Amino acid sequence: DGGITQSPKYLFRKEGQNVTLSCEQNLNHDAMYWYRQDPGQGLRLIYYSQIVNDFQKGDIAEGYSVSREKKESFPLTVTSAQKNPTAFYLCASNSGRYNSPLHFGNGTRLTVT
Amino acid sequence: DAKTTQPPSMDCAEGRAANLPCNHSTISGNEYVYWYRQIHSQGPQYIIHGLKNNETNEMASLIITEDRKSSTLILPHATLRDTAVYYCIVTNFGNEKLTFGTGTRLTIIP
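Chains as they are written, first to last, in the numbering used here: chain B, 1 to 113; chain C, 114 to 223.
Okay, structure coming up:
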């Protein structure tokens with residue numbers, strides 16, 4: 001089945017450590033996105049990439065980094081510079097064409113203590 | 114992207130139609146209305162989208178007013194599995210700047 005895989009589902013880290021969240025898609029989508037969701041809140045855009053080897057900052061990119069070396073993969077690194085990293089992280093993709101609906105993974109819940 | 118306004122929560126009896134409203138009074142001519150839902154601790158699921166005509170698929174119907182300033186998502190026969198947060202979004206291209214608000218928490222009552 002085609003879809004988006006995020007791993008792991010739960011991740012625990014100590015404060016001051018960088019951590020990388022995985023996102024893989026087999027939908028042959030050109031565009032990929034990372035969102036952050038805090039309890040009781042909506043989704044906020046961190047980074048997005050419309051094509052391999054290119055990506056843009058979203059609304060809350062500070063403290064995060066990404067890479068897009070392969071079409072299928074868009075890993076997100078949460079760095080120690082991110083002040084409040086504990087959150088639910090969602091990866092999404094779409095074809096990148098006009099009005100192409102987003103498809104989401106099932107998220108990674110990151111807890112930093 | 115235009116802002117949307119949704120009620121924070123709604124209840125609906127199982128088996129009845131659930132009608133979820135959304136106001137988007139500042140929508141521009143080329144913006145579509147999208148609906149997604151999110152079941153607890155999962156990623157949002159795409160439901161339906163439309164420009165100005167009413168749309169129907171296997172999950173739901175979307176009714177957009179003639180002036181496009183509001184819309185209603187209809188789940189015709191709600192089940193307990195429809196309990197979720199429902200997001201209404203308007204956007205005009207590629208979703209690259211798509212932002213989700215806090216949506217409507219729909220609870221289906223047995």
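Glycine residues also receive a C-beta, built at the ideal position from the N, C-alpha and C atoms.
The structure presented is a predicted model; accordingly, all values stated were derived computationally and were not measured.
Determine, for C/Pro157, whether the minimum Cβ-Cβ distance to residues of chain B falls below 8 angstroms.
Flagged as an interface residue toward chain B: C/Pro157, by a C-beta distance shorter than 8 angstroms.
Going by the CB atoms, is the gap between B/Asn18 and B/Thr79 shorter than 8 angstroms?
Here B/Thr79 is near B/Asn18, since their CB atoms are less than 8 angstroms apart.
I need the boundaries of the beta strand (DSSP E) containing B/Ile51, first residue and last residue.
Element bounds for B/Ile51: 43 to 51.
Using a cut-off of 8 angstroms between C-beta atoms, extract the partners of C/His162 located in chain B.
Think of a sphere of 8 angstroms around the beta carbon of C/His162: the chain B residues whose beta carbon falls inside it are Asn99, Pro101, in chain order.
Using a Cβ cut-off of 8 angstroms (strictly closer), state whether B/Phe104 contacts chain C.
Answer yes: the Cβ-Cβ gap between B/Phe104 and chain C drops below 8 angstroms somewhere.
What beta strand (DSSP E) runs, 3 residues minimum, are completely inside the segment 158 to 194 of chain C?
Those beta strand (DSSP E) runs which fall completely within the segment 158 to 194 of chain C and span 3+ residues are 158 to 163, 174 to 177, 183 to 188.
Beta strand (DSSP E) containing B/Lys57: first to last residue?
Per DSSP, B/Lys57 belongs to the beta strand (DSSP E) from 54 to 57.
Reference C/Ala173; option with closest CA among C/Ser183, C/Pro157, C/Ala191, C/Gly156
Among C/Ser183, C/Pro157, C/Ala191, C/Gly156, the Cα nearest to that of C/Ala173 is on C/Ala191.
Whole-angstrom distance between C/Gln151 and C/Ala197, CA atom to CA atom
Within the model, the alpha-carbon separation for C/Ala197 versus C/Gln151 is close to 6 angstroms.
Could you pull the DSSP bridge partners for C/Ile221 from this structure?
For C/Ile221, which the question treats as bridged, DSSP gives the partners C/Cys125.
Relative to the alpha-carbon of B/Thr108, which residue among B/Leu45, B/Leu76, B/Asp30, B/Met32 has its alpha-carbon at the smallest distance?
Checking every option, the nearest Cα to that of B/Thr108 belongs to B/Leu76.
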